[in-house]
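Participant: If you're matching them up, the sequences are chains A and B in order. Count along the first sequence from 1, then add 840; that gives the number in our numbering. Count along the second sequence from 1, then add 115; that gives the number in our numbering. Every residue, glycine too, gets a C-beta built ideally from N, C-alpha and C. Every value quoted in this text rests on a predicted model; they were computed, and no experiment measured them. Got a structure for you, written out below as structure tokens; questions coming shortly.
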Amino acid sequence: MPTKVVMEALSPTMEEGRLVEWKKQEGDTVAVGDVLAEVETDKAVMELVARAAGTLLKHVVEAGATVPVSELLAVIGEAGDDVSGAAGREPSGRLGSKEAQATQPSPSQNRPASMPPAPPASAATEERRPSEKPSPREDNGAKAAPASASPRVKASPLARRIAAERGVDLVGVTGSGPEGRVVARDLETAAAAAPGRSAASPSVTVPQPGRPEGTRPAASLSGSAAGPYTDIPLSQIRKTIARRLAQSIGPVPTFYLTSEVDMERVSEAREAMLAGQEAKVSFNDIIIKAVAMALRQHPACNAWWQDDHIRYWNEVHVSMAVAVEEGLITPVIRHADQKTLREIAGESRDLAARARERRLKPEEYTGGTFSVSNLGMLDIDEFTAIINPPEAGILAVGRIAETPVAHGGAVALRRRMRLTMSCDHRVIDGATGAQFLKTLKGMLENPLALVW
Amino acid sequence: MATQFDVIIVGGGPAGYVCAIRAAQLGLATAVIERDKLGGVCVNIGCIPTKALLHSAYVAGLVAHDAKELGIEVGSVKTDYGVAMRRSRKVSEQNSKGVEFLMKKHKVTVVKGTGVLGRNRTVRVGKDEYQARKAVVIATGSRVKGIPPIGLEINKTTVISSDEALFLETQPKTLVVVGAGAVGCEFADIFHAFGSKVTLIEALPRILPLEDAESSDTLAKSYQKRGITVIAGATVKKATVAKDKVTLAVETGGKIESIEAEKVLMAAGRAVNTENLGLQEAGVQLTDRGFIKVNLATLETTAPGVYAIGDVAGPPMLAHKGSREGVVVAELIAGHHPQPIKYDNVPSVTYCHPEVASIGMTEEQAKERKLEYQVGRFPFSANGRARTAGETEGFVKIIRDKKYGEILGAHIVGGHASEIIHELAVARQNEYTVEEVDLAIHAHPTLSEAIAEAALDSMGRVVHI
Chain A
841 MPTKVVMEAL SPTMEEGRLV EWKKQEGDTV AVGDVLAEVE TDKAVMELVA RAAGTLLKHV
901 VEAGATVPVS ELLAVIGEAG DDVSGAAGRE PSGRLGSKEA QATQPSPSQN RPASMPPAPP
961 ASAATEERRP SEKPSPREDN GAKAAPASAS PRVKASPLAR RIAAERGVDL VGVTGSGPEG
1021 RVVARDLETA AAAAPGRSAA SPSVTVPQPG RPEGTRPAAS LSGSAAGPYT DIPLSQIRKT
1081 IARRLAQSIG PVPTFYLTSE VDMERVSEAR EAMLAGQEAK VSFNDIIIKA VAMALRQHPA
1141 CNAWWQDDHI RYWNEVHVSM AVAVEEGLIT PVIRHADQKT LREIAGESRD LAARARERRL
1201 KPEEYTGGTF SVSNLGMLDI DEFTAIINPP EAGILAVGRI AETPVAHGGA VALRRRMRLT
1261 MSCDHRVIDG ATGAQFLKTL KGMLENPLAL VW
Chain B
116 MATQFDVIIV GGGPAGYVCA IRAAQLGLAT AVIERDKLGG VCVNIGCIPT KALLHSAYVA
176 GLVAHDAKEL GIEVGSVKTD YGVAMRRSRK VSEQNSKGVE FLMKKHKVTV VKGTGVLGRN
236 RTVRVGKDEY QARKAVVIAT GSRVKGIPPI GLEINKTTVI SSDEALFLET QPKTLVVVGA
296 GAVGCEFADI FHAFGSKVTL IEALPRILPL EDAESSDTLA KSYQKRGITV IAGATVKKAT
356 VAKDKVTLAV ETGGKIESIE AEKVLMAAGR AVNTENLGLQ EAGVQLTDRG FIKVNLATLE
416 TTAPGVYAIG DVAGPPMLAH KGSREGVVVA ELIAGHHPQP IKYDNVPSVT YCHPEVASIG
476 MTEEQAKERK LEYQVGRFPF SANGRARTAG ETEGFVKIIR DKKYGEILGA HIVGGHASEI
536 IHELAVARQN EYTVEEVDLA IHAHPTLSEA IAEAALDSMG RVVHI
């Protein structure tokens, strides 16, 4: 897979840079850390270094061009890689666009001889009939660059056609068809994720590079969201926060928030449920449901760190940590916000049982958007859990214990529980996490809120 | 103490029995409750016996009109509807027995009787009570309905439905078929071939009103050419039912015409079987149109753990749609994650001659949605195989999305249309574009070549015309 070289923010305030000079030419071998080019920022001329090793396959912009941050400059890969995929999915910004477009290889003339053997169907078709003229009735729409350079993506011919037309890279698209095949409906989502391609789909809002800094998704998720998630490009401030915090603490800069929750009413509600029904609802099931509902109100916590962007999920999939013989695994309750407690209870028991038998399918323990880990049954008062990347948060649940607290003007014994949330600071800020935790606490202390 | 099963299915038609087999395959203890014969309307008084009669009709037409030209002299041709009817009954009985065998093979318990739902996934049959541990599935189907307000109540002698037509000993001398959907068109075809003078009346402006207008027009022309009177855009204002005949006052274009016939066959719609099922007790609600209200993704009703499939769950009221719903519901109950049903990809077939088959959008629908489309057509008169069989009526029509080549809809009129439509069903299900349809090599000479040619025509590259 070719790797993109993009204009990096070489100073915290940098929004664009002028490519002064290429230090590596097309065809040169590069190692990680090699200086690729000199870039003039608003403050100084700085060096742009390679983040990947390989052969510099292509300069997408020429020396002298001014290029916005995070726009494509060049492609590094193995000699013979098809660069059209990497180049083709790149946003074409204000100033770099002309150059980028002009140098994009067209499928029929600029494909290296050793290209992978299984190109997308539309491209193959086009090649098979090189001498045939396109029909007067605008033939078949296969003129666009092949959408995917990777032959391993499973996608329907229609999905490939739409992807090619819209410039969507199928590699990043989650397939919902049989065996994870990408089908046309998945492209509606992908269109929203392709930055800068405003031509994509009229019905989906496409994030623009010029979007105000720090823009977050809408205050709460609406059921009619365009797709399962929204990708937001990193703003300067988020990039700086990410880089500096990661340097300070490790790959995932984590901070912790703890809150004690009064569990009297949840306990009463649960006892009533147990008395009335055969379904066994555990505290953990109730916590999962509450977390899912709270995430709907705080989509900023329902997100993935994706290195060059943040993926805000419009769907809520809660991972639950299950201890197994050799360690732990996190099966996922999908769409937990839309499920009833009874459904969550049934599913969590089934998943946990099969997790212990090691009979979970990969799709059953991947794809979570937030995690819950519970050690209450082992009498742990409180603990901090380690984030399960790319998720941005995990909730550590302690035991429920009778604790003397001030209640109604007197000291009373109340069932209390401590929740500790670990947050990836690159995605979630202190106040954001605290607000989520406050909503969650409110839901658990007033469990009727779960019903509404 | 109620007898327990994992899944109890009420109704053993094509939705219910297929659901039962899939549930059993997935290891669920399954019971089917059926008040009549297994196989439901489809096997006993619907799809199967009508197709047996249509085959008789096809052979009658072939022998009477085409045999001589094919080099076969058969003398004078005499038809006997009673014989054809008894053969169709035999075919139905064999199929119903086949379903019984399938139930045994998959260890599905069959309970004879009328199931009535109770609370908490219970079903009563007479005095016996059954408890479903996981789910109850309602698959009670539908029945023919008359139009009582204008005097066209089904009396089973002069005003009949397909239920009676399938058991007639002789064909009527004159027959009016009210309603020119699939059922009406098929019976018009059958009785005309057996010598009845047939008039086909449709209230909407054209016969097979749900099909593409080109399909409707081609079939109407074929019927008229062979002597079936087709009156579309006509409403029956009044019916006078005598002992041995019916007189209809039919309004067309402002004029009222009087039509007399020995029998009237009602084919103007179906009513779903939702009465006396205990739905209220079970907490199952209906839609405004009388179908059972379901979550379209899961087919679950308003009562948790109670599902509805087939005709009762809403249109299209087709056996194969019900069967698919049965499979999906069984898999959901077993905790699987089945692919969602593409309700826009259910083939629709009328087995008259020539056959009419379609999938996806009609051209009218594509136009209404303001889609940019290109139509590709290929007539069977230009298809070698169709000419060898002397069946050159009809065409293949493909509606292609201009931008992406998606097959928005496909329409076939002609011999074996019901069989060859599935190439396009597979194509659409897998999101192949017209280009993949063309790239797949079609054997020569076959009727299916007309599909590849229509695909090419939609790209402006048709070869054989």
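Scan the stretch 240 to 328 of chain B and note each continuous alpha helix (DSSP H) run of 4 residues or more that stays entirely inside, going in chain order.
Facilitator: Here the runs fully enclosed are 277 to 280, 297 to 308.
Participant: According to DSSP, Pro908/A sits in a beta bridge with which residue or residues?
Facilitator: Answer by DSSP bridge pairing, in chain order: Glu856/A.
Participant: Evaluate the contact criterion for the stretch 208 to 220 of chain B versus the stretch 291 to 311 of chain B: three or more CB pairs, one atom per stretch, below 8 Å.
Facilitator: Judged by Cβ distances under 8 Å, the stretch 208 to 220 of chain B makes no contact with the stretch 291 to 311 of chain B, as fewer than three pairs qualify.
Participant: Please classify Leu1168/A: does DSSP put it in a helix, a strand, or coil?
Facilitator: In the structure shown, Leu1168/A sits in a strand (DSSP, three-state: E or B).
Participant: Which same chain residues, not among the five before or five after Ala919/A, have their C-beta less than 6 Å away from its C-beta?
Facilitator: Excluding residues within five positions, the ones whose Cβ falls inside 6 Å are Thr895.
Participant: Which class does Thr333/B belong to by DSSP, given the choice of helix, strand or coil?
Facilitator: In this structure, Thr333/B counts as helix in the three-state DSSP scheme.
Participant: Quick one: Cα of Ser971/A to Cα of Ser573/B, how far?
Facilitator: Its pLDDT being 38, under 50, Ser971/A is placed unreliably in this model, and the value from its coordinates should be taken loosely. Roughly 21 Å between the two C-alpha positions.
Participant: Buried or exposed for Asn1154/A, please, with buried defined as at least 16 other CB atoms from any protein chain shown within 10 angstroms of its CB.
Facilitator: Flag for Asn1154/A reads buried.
Participant: Measure the C-alpha to C-alpha separation of Ile371/B and Lys312/B and round it to an integer number of angstroms.
Facilitator: Approximately 21 Å, taken between the alpha carbons.
Participant: Would you kindly check if the distance between the Cβ of Arg234/B and the Cβ of Gly420/B is under 8 Å?
Facilitator: It is not a contact, given that the beta carbons lie outside the stated cut-off.
Participant: Fully enclosed by the stretch 516 to 549 of chain B, which beta strand (DSSP E) runs are 3 residues long or longer?
Facilitator: Listed in chain order, they are 522 to 529.
Participant: Where does Asp868/A sit, in a helix, a strand or coil, going by DSSP?
Facilitator: Three-state result, Asp868/A: coil.
Participant: Phe493/B and Thr507/B: beta carbons closer than 8 Å?
Facilitator: No; because the gap between Cβ atoms is not below 8 Å, this pair is not in contact.
Participant: Cβ of Lys457/B less than 8 Å from any chain A Cβ?
Facilitator: Answer no: the Cβ-Cβ gap between Lys457/B and chain A never drops below 8 Å.
Participant: Under 8 Å between the Cβ atoms of Val1106/A and Ile1126/A?
Facilitator: In contact: Val1106/A and Ile1126/A (Cβ atoms closer than 8 Å).
Participant: Compare the C-beta of Leu998/A with all C-beta atoms of chain B and state if any pair is closer than 8 Å.
Facilitator: With 8 Å as the cut-off, Leu998/A counts as an interface residue toward chain B.
Participant: Could you give the DSSP three-state label for Met432/B: helix, strand or coil?
Facilitator: Of the three classes helix, strand and coil, the one that applies to Met432/B here is coil, per DSSP.
Participant: Between Val122/B and chain A, is the shortest Cβ-Cβ distance under 8 Å, so that the two count as touching?
Facilitator: Taking Cβ atoms only, chain A never reaches closer than 8 Å to Val122/B, which makes this a no.
Participant: For Arg1021/A, report the span of its beta strand (DSSP E) as first-last.
Facilitator: From DSSP, Arg1021/A is part of no beta strand (DSSP E); its letter is neither H nor E.
Participant: Going by beta-carbon coordinates alone, are Leu486/B and Val461/B separated by less than 8 Å?
Facilitator: No, they are not a contact pair.
Participant: Give the range of the alpha helix (DSSP H) segment to which Ala1195/A is assigned.
Facilitator: First-last of the alpha helix (DSSP H) with Ala1195/A: 1181 to 1196.
Participant: For Asn410/B, write down the residues that DSSP places opposite it in a beta bridge.
Facilitator: Partner(s): none; Asn410/B has no beta bridge.
Participant: Taking only three categories from DSSP, how would you classify Leu394/B?
Facilitator: It is helical.
Participant: Here's a check: name, in chain order, each residue in its chain whose Cβ is nearer than 8 Å to the Cβ of Leu833/A, leaving out the five neighbours to either side.
Facilitator: Within the shown structure, residues of chain A are numbered from 841 to 1292, placing residue 833/A beyond reach of any answer.
Participant: Using 8 Å as the limit for Cβ to Cβ distance, is Asp1125/A near chain B?
Facilitator: Not closer than 8 Å to any Cβ of chain B, the Cβ of Asp1125/A fails to qualify, so no.
Participant: Going by DSSP in three states, Lys512/B sits in which element: helix, strand or coil?
Facilitator: It is a strand residue.
Participant: In or out: Gly1063/A buried (at least 16 other Cβ within 10 Å) or exposed?
Facilitator: Caution applies to Gly1063/A, whose pLDDT of 38 falls short of 50 and renders its modelled position unreliable; the model cannot decide the point.
Participant: Considering only residues of the same chain and omitting the five flanking positions on each side of Arg969/A, which have a CB-CB separation below 7 Å?
Facilitator: The pLDDT assigned to Arg969/A is 37, lower than 50, so where the model puts this residue is not dependable; a value taken from the coordinates is nonetheless given after this. Here the set comprises nothing.
Participant: Measuring only the C-alpha atoms, how far is Gly491/B from Glu534/B?
Facilitator: Roughly 20 Å separates the two Cα atoms.
Participant: DSSP on Ile163/B, reduced to helix/strand/coil?
Facilitator: Helix.
Participant: From Lys518/B to Pro469/B, what distance separates their C-alpha atoms?
Facilitator: Going by the C-alpha atoms only, they are around 33 Å apart.
Participant: Please classify Gln400/B: does DSSP put it in a helix, a strand, or coil?
Facilitator: Of the three classes helix, strand and coil, the one that applies to Gln400/B here is coil, per DSSP.
Participant: When we look at the beta-carbon of Pro1035/A and count the other beta-carbons within 10 Å, is it buried (16 or more) or exposed?
Facilitator: At Pro1035/A, the pLDDT of 43 sits below 50, so the modelled position is not reliable and the matter cannot be decided from this model.
Participant: Short of 8 Å Cβ to Cβ, which residues in the stretch 992 to 1026 of chain A face chain B?
Facilitator: Within the stretch 992 to 1026 of chain A, the qualifying residues are Ser996, Pro997, Leu998, Ala999, Arg1001, Ile1002, Glu1005, Gly1017, Pro1018, Val1023, Ala1024.
Participant: Since Ser330/B contacts Ser473/B with CB under 8 Å, what's their CB separation in whole angstroms?
Facilitator: Rounded, the Cβ-Cβ distance is 7 Å, consistent with contact.
Participant: In the structure shown, what three-state DSSP assignment does Arg484/B receive?
Facilitator: Arg484/B falls in the coil class under three-state DSSP.
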